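Enquirer: Following this message is one structure expressed as structure tokens.
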Amino acid sequence: MQRIADIITKEIKAAGNKLWEVEIDNKQIQIQKTRKEFSGDLTIVVFPLVRYAKSSPEDTASALGNFIKEHCVEIHDYNVIKGFLNLEISKEYWLDFLSGLNDIADYGVTRGNGPLDMVEYSSPNTNKPLHLGHIRNNLLGFSISQILEAAGKTVKKVNLVNDRGIHICKSMIAWQKFGNNETPESTGIKGDHLVGKYYVKFDQEYKKEIAALQEKGEEKKLAENNASLMIEAREMLRKWEAGDKEVRSLWKTMNSWVYTGFDETYEQMGVSFDKIYYESETYKLGKEIVLKGVDDGILIKEDDGSIWADLTQNKLDKKLLLRSDGTSVYMTQDVGTAHQRFAESGFDKLIYVVGNEQNYHFQVLKIVLKNLGFNWSDKLHHLSYGMVELPEGKMKSREGTVVDADDLMDEMIETAKSMSDELGKLGNYSEEEKNNIYRQVGLGALKYFILKVDPKKNMMFDPKESIDFNGNTGPFIQYTYARIQSVLTKAGDVSSIVPEIEMNEKEVELAKLVYEFPDIVSDAAESYNPAIIANYLYELTKEFNQFYHDFSILNAETETSKLFRIQLAGNVGKIIFKGMSLLGIEVPERM
13 MQRIADIITK
23 EIKAAGNKLW
33 EVEIDNKQIQ
43 IQKTRKEFSG
53 DLTIVVFPLV
63 RYAKSSPEDT
73 ASALGNFIKE
83 HCVEIHDYNV
93 IKGFLNLEIS
103 KEYWLDFLSG
113 LNDIADYGVT
123 RGNGPLDMVE
133 YSSPNTNKPL
143 HLGHIRNNLL
153 GFSISQILEA
163 AGKTVKKVNL
173 VNDRGIHICK
183 SMIAWQKFGN
193 NETPESTGIK
203 GDHLVGKYYV
213 KFDQEYKKEI
223 AALQEKGEEK
233 KLAENNASLM
243 IEAREMLRKW
253 EAGDKEVRSL
263 WKTMNSWVYT
273 GFDETYEQMG
283 VSFDKIYYES
293 ETYKLGKEIV
303 LKGVDDGILI
313 KEDDGSIWAD
323 LTQNKLDKKL
333 LLRSDGTSVY
343 MTQDVGTAHQ
353 RFAESGFDKL
363 IYVVGNEQNY
373 HFQVLKIVLK
383 NLGFNWSDKL
393 HHLSYGMVEL
403 PEGKMKSREG
413 TVVDADDLMD
423 EMIETAKSMS
433 DELGKLGNYS
443 EEEKNNIYRQ
453 VGLGALKYFI
463 LKVDPKKNMM
473 FDPKESIDFN
483 GNTGPFIQYT
493 YARIQSVLTK
503 AGDVSSIVPE
513 IEMNEKEVEL
523 AKLVYEFPDI
533 VSDAAESYNP
543 AIIANYLYEL
553 TKEFNQFYHD
563 FSILNAETET
573 SKLFRIQLAG
583 NVGKIIFKGM
593 SLLGIEVPER
603 M
């Protein structure tokens, strides 16, 4: 079925030929959803067309409205508000749309081998477990990947594990000094949590050393550099980069503990990757590119041996790329990784899902790559997102005040269990069924609450608010889906042919919302914003619940209305299922 915007576009062009004897450029045609305070479904912005009509905006709109109404059976009526032409679409069009929907298996989704978008997300350090901030990162990255794929892109989900560097050495040094050879097996502690424990321990002991040196009269900066723990950590990093066998062996062992822990967390969270890159395998390539940049006169080597990019011509400062001792920084590794990825795949877009505190980093990365002669640097995009806070305030990894992802997910599932038990609606379910629903509801609440917020905004995560069964929450949408499935189960097999009926206003509103789904997916993909889908699903669900409250489905006045409403409910359910899956959220069949 032809989309209504395409039909209207065709009629506008026909009006240009017939009324004004001109060819109207598609770029001048602006069609948008009518604002709620005005009557109509779609609005044509008339101002760009005035130059063709050579009359006032109001007269231009009236002439265009008359033409479209006369020649387009899909338009029932129109009204003019200044330079805006509001069109009311006929109920017959919405009925035809619903009739055709039964023949579309995956409505709203464009399958194809479109341009390759590589999406990097998660990017954890192997010195600590994933925390609440990582949850937002992972959920955004996975959801954006799903949405881009639904919009017809070829998507490759990648993860870059920061498995080397001074922060990793801090955990290793602390374990050597204070660990007494304990392991995940000997302690029963999840591997990433055990290593994170020693990252916190390093910071605690390091602060003690700094305080002791300051008491002896050293300035803070000097004390931070001269503390023995930091000296040992820097020496360990130097040995690691030199390939010291003992250091490398400990590094592999402790990282293996972390990877096992990460895998468990990712599985619980419901995210996955097509390929995992490791900084330890890409930083050397970055160093080679940087050193070549020095030879080519693009980068600067200082007297102490450090290498810098001079970005003053870009109205930025100088950026360190290699330290004086030859060790790499994050920028070096990102240069190497980006180069490797483009060589492997020739991506059309490389999307970094990274918090907004790294805005400067990615601005510099694009410029450095461009200056080094890599024109594909224009294909890099930083999906910058805001920080997540709890009602208690900010979190700090090194001080051990973070909320671990594992603990938060477990807490959400437990909260879902308590609330479900309180409502008493799962009494006849098996324990396995109950536990699965608790998991779906708890994690659904967490994911939806985070994804309904525009990524660019900072957000406050409130676990109690997120799991409410009323309002703009995941459980509210999940419960509505389960309600629809219950109706469909009671209805049994019904004809797939949509009966000819006179739709009431609520039915028309639901049809309009279902119709919007492909545009919603497209908008979310274009803006890398899952919140567009999340909030659309809430509006759809809210509208359905109002319809459900006002009109009986299974006890409708006529058999025709009953069959129509069953199919309408079924189509709403399909959109909820698909939309939630694009957010990485499961919807229970029963609740």
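Numbering-wise, my numbering comes out as the position in the sequence shown, counting from 1, plus 12.
Note that beta-carbon positions come from the ideal geometry of N, C-alpha and C, so glycine has one too.
The structure displayed is predicted, hence computed values, not measured ones.
1. Around the C-beta of residue 509, are 16 or more other C-beta atoms found within 10 angstroms, so that it is buried, or is it exposed?
2. Within its chain, find whatever has a CB closer than 6 Å to the CB of residue 609; leave out the 5 residues flanking it on each side and keep chain order.
3. What is the rounded straight-line gap between the Cα of residue 668 and the Cα of residue 575?
4. Would you call the region 280 to 292 and the region 364 to 378 touching, i.e. three or more CB-CB distances under 8 Å?
5. Counting Cβ pairs, one atom from each stretch, are 3 or more of them under 8 Å apart for the region 579 to 596 and the region 113 to 122?
6. Please return the same chain residues whose Cβ sits closer than 8 Å to the Cβ of residue 604, not counting the five positions on each side in sequence.
7. Between the C-alpha atoms of residue 147 and residue 318, what's the straight-line distance to the nearest angstrom?
8. Less than 7 Å between the beta carbons of residue 351 and residue 374, yes or no?
9. Considering only the beta carbon of each residue, do residue 163 and residue 533 sit closer than 7 Å?
10. Could you check which residue in 55, 54, 73 has the C-alpha nearest to that of residue 63?
11. For residue 259, count neighbouring C-beta atoms within 10 Å of its own C-beta (all shown protein chains included) and say buried if the count is 16 or more, exposed if not.
12. Please go through the same chain and pick out, in chain order, the residues whose beta-carbon is closer than 7 Å to the beta-carbon of residue 464, but skip the five residues on each side of it.
13. Could you tell me the distance, in whole angstroms, from the CA atom of residue 270 to the CA atom of residue 193?
14. With burial defined as no fewer than 16 other Cβ atoms inside 10 Å of the residue's Cβ, what is the status of residue 254: buried or exposed?
15. Give the range of the beta strand (DSSP E) segment to which residue 319 is assigned.
16. Please check the pair residue 218 and residue 235, which I expect to be a contact at CB under 8 Å, by giving their CB distance rounded to whole angstroms.
17. Could you name the residues of the same chain whose beta carbon sits closer than 7 Å to that of residue 410, not counting the 5 residues immediately before and after it, in chain order?
18. Do you know offhand how far residue 455's Cα is from residue 195's?
19. According to the neighbour-count rule (16 or more other Cβ atoms, all chains shown, within 10 Å of its Cβ), is residue 435 buried or exposed?
20. Leaving aside the five residues before and after residue 113 along the sequence, list all residues of the same chain whose C-beta is less than 7 Å from its C-beta, in chain order.
21. Since residue 95 contacts residue 154 with CB under 8 Å, what's their CB separation in whole angstroms?
22. Strictly by DSSP, which residues pair up with residue 44?
23. Checking the sheet assignment: what are the DSSP bridge partners for residue 397?
24. Determine the closest residue to residue 389 out of 349, 428, 419, 420, with distance taken between C-alpha atoms.
25. Going by DSSP, name the residue or residues bridged to residue 313.
26. With distances taken Cα to Cα, identify the nearest neighbour of residue 365 among 299, 183, 145.
27. Name the one or two DSSP bridge partners that residue 340 has.
28. Taking the C-alpha atoms as reference points, what is the distance between residue 222 and residue 244?
29. Nearest CA to the CA of residue 480: which residue from 505, 442, 431, 516?
30. List the whole-angstrom C-beta distance separating residue 499 from residue 566, where the pair is believed to meet the contact cut-off of C-beta under 8 Å.
31. Determine the direct distance from the alpha carbon of residue 564 to that of residue 79, and round the result to whole angstroms.
32. Which residue's Cα is closest to the Cα of residue 185: 298, 168, 230, 252?
33. For the alpha helix (DSSP H) that contains residue 236, what are its first and last residues?
34. Within the same chain, show all residues whose beta-carbon is closer than 6 Å to that of residue 400, passing over the 5 residues directly before and after it, in chain order.
35. Here's the rule I'm using: 16 or more other beta-carbon atoms within 10 Å means buried, otherwise exposed. How should residue 405 be labelled?
36. So what does DSSP say about residue 479, is it helix, strand or coil?
Expert: A quick look at the data gives this:
1. exposed
2. Since the displayed the chain opens at 13 and closes at 603, residue 609 lies outside it and no answer follows.
3. In the structure as shown, the chain begins at 13 and stops at 603. Residue 668 is therefore absent and cannot be evaluated.
4. No, the region 280 to 292 is not in contact with the region 364 to 378.
5. yes
6. Summary: the structure shown does not reach residue 604, with the chain confined to residues 13 through 603, and so no result is reported for it.
7. 36 Å
8. The answer is no: Cβ separation not under 7 Å.
9. Contact annotation: residue 163 and residue 533 have beta-carbon atoms nearer than 7 Å.
10. The candidate whose alpha carbon is nearest that of residue 63 is 73.
11. buried
12. 484, 543, 546, 547
13. 16 Å
14. It is exposed - the Cβ of residue 254 has fewer than 16 other Cβ atoms within 10 Å.
15. 319 to 322
16. The pair is not a contact, with the Cβ atoms about 10 Å apart (cut-off 8 Å).
17. Residue placement at residue 410 is flagged as unreliable, the pLDDT there being 46, under the threshold of 50; a coordinate-derived value is accordingly withheld.
18. If you take the alpha carbons of residue 455 and residue 195, they lie about 30 Å apart.
19. exposed
20. 119, 583
21. With 8 Å as the limit, residue 95 and residue 154 do not qualify as a contact, their Cβ atoms being about 43 Å apart.
22. 55
23. 367
24. 349
25. 319
26. 145
27. 334
28. 14 Å
29. Comparing Cα-Cα distances from residue 480 to each of 505, 442, 431, 516, the minimum goes to 431.
30. 7 Å
31. 40 Å
32. Answer by Cα proximity: 252.
33. 232 to 238 is the extent of the alpha helix (DSSP H) around residue 236.
34. These residues qualify, in order along the chain: 144, 145, 148, 471, 473.
35. Residue confidence for residue 405 is low, a pLDDT of 49 falling below 50, so the modelled location carries little weight; the figure read from the coordinates is stated next. Exposed.
36. If DSSP states are grouped into helix, strand and coil, residue 479 belongs with coil.
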